[in-house]
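Beneath this line is the structure, given in structure tokens, with notes to follow.
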Amino acid sequence: MGRSQYAIEAEGLRRTYRRRRGPVVEAVRGIDLTVRRGELFGLLGPNGAGKTTTIKMLNTLLIPTAGTARICGYDVVSRTREVRRRIGYVFGGDRGLYDRLSALDNLRYFAELYGVPPRRQKETIAELLELVGLTGRERERVEGYSRGMRQRLHIARGLLHDPDVLFLDEPSIGVDAVAARELRRTVADLAANGTTVLLTTHYMAEADELCDRIAVIADGRIQALGTPAELRGRAGREATLEDAYVAIVSAAA
Ligand SMILES: Nc1ncnc2c1ncn2[C@@H]1O[C@H](COP(=O)(O)OP(=O)(O)O)[C@@H](O)[C@H]1O
Ligand SMILES: [Mg+2]
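Positions 16 to 268 (the numbering used here) are the ones given, in order, by the sequence shown.
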């Protein structure tokens with residue numbers, strides 16, 4: 016407990032959604048997963064596969080219908096406080112930042128909210144701005160930021176309380192190619208510094224470049240799991256990760 020060699024462990028994780036009208040949706044149908052500390056782990060799958068639902072259960076934002084999960088050895092249901100202290104959550108899109116404030120004021124605000132000790136805030140924020148490549152731009156209002164800059168600011172926000180595990184749910188969505196490359200560098204740096212990262216993305220080249228291991232999920236289940244090279248190798252001699260991914264997802268359909 017708290018000593019686990021694994022950053023993330025899940026056993027038989029399930030989640031159904033009950034709509035007021037209509038059928039029960041089985042979003043996640045039994046996921047077993049272990050992610051080592053410091054690993055950069057990719058979760059790939061088509062829209063609706065259950066990736067975000069899985070992340071939200073690991074994140075303590077959704078209670079599993081069945082199964083168990085632990086973060087750094089702490090159960091996500093019974094030890095939410097310990098879990099929350101150790102995780103950060105970043106998702107793509109526009110929510111979660113104050114447009115009218117500068118990046119610096121956003122980070123100051125969230126640092127306060129996340130309980131970063133006042134004497135450590137200045138240094139922490141400076142380090143994070145450096146990590147995400149926004150040093151020198153921190154006094155500009157976020158409304159003038161590009162999509163890529165916003166995403167990097169989101170990552171800085173998610174790291175303020177120095178989490179062991181960072182969940183990145185489609186961080187590169189809508190980000191242009193140059194900014195996406197910078198974002199990848201940020202994510203790689205993070206992992207190199209020992210943060211465990213669980214990443215979802217629809218960009219196969221991104222997953223291939225970044226991830227130590229990948230789980231392909233479709234229809235609420237893990238359909239394949241391995242290193243990018245292993246997954247490519249299973250699809251054929253010259254296969255790309257995209258070839259492998261398409262074959263796995265098609266076979267599951
Ligand atoms: N709040 C919700 N209520 C009902 N169904 C939902 C809800 N959130 C997600 N779902 C359904 O659960 C399934 C998995 O969704 P999700 O985990 O968001 O997949 P992904 O992130 O892989 O696109 C989909 O069929 C989706 O429509
Ligand atoms: Mg999703």
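Virtual Cβ for every residue (Gly too), placed ideally from N, Cα, C.
Minimum C-alpha distance to residue i - residue among the options
i    : options                : result
V190 : T216, G173, D204       : T216
E245 : A233, R33, H169, C226  : C226
T83  : V212, E253, L48        : L48
G45  : V264, R252, G235, A254 : G235
V92  : G107, R101, L76, R100  : L76
G88  : Y260, V105, V180, I237 : V180
K71  : R35, T31, L119, Y113   : T31
R167 : D177, P178, E145       : E145
E185 : L240, E142, E253, Y104 : Y104
H169 : V212, G108, V131       : G108
Y129 : A171, T255, G60        : A171
A230 : E221, A250, Y260       : Y260
A266 : E253, A25, A239, L256  : A239
G173 : N121, R199, R200, A194 : N121
Distance cut-off 7 Å: residue i Cβ against heavy atoms of ligand 2
i    : result
D234 : no
D114 : no
R258 : For the sequence presented, residue 258 should be read as Asp rather than Arg. False, no ligand heavy atom lies under 7 Å from that Cβ.
D184 : yes
Range of the contiguous beta strand (DSSP E) that encloses residue i
i    : result
V231 : 228-233
Q20  : Run containing Q20: none; DSSP gives neither H nor E here.
R236 : 236-241
L58  : 55-59
One or two residues paired with residue i in a DSSP bridge
i    : result
E26  : T83
Y32  : V40
T211 : V180
D90  : R85
Y104 : F182
T49  : E24
Distance cut-off 7 Å: residue i Cβ against heavy atoms of ligand 3
i    : result
G248 : As presented, the structure is devoid of ligand 3, carrying ligand 1 and ligand 2 as its sole ligands.
Listed by chain order, which residues have C-beta atoms less than 6 Å from any heavy atom of ligand 1?
Y32, R34, V40, A42, G60, N62, G63, A64, G65, K66, T67, T68
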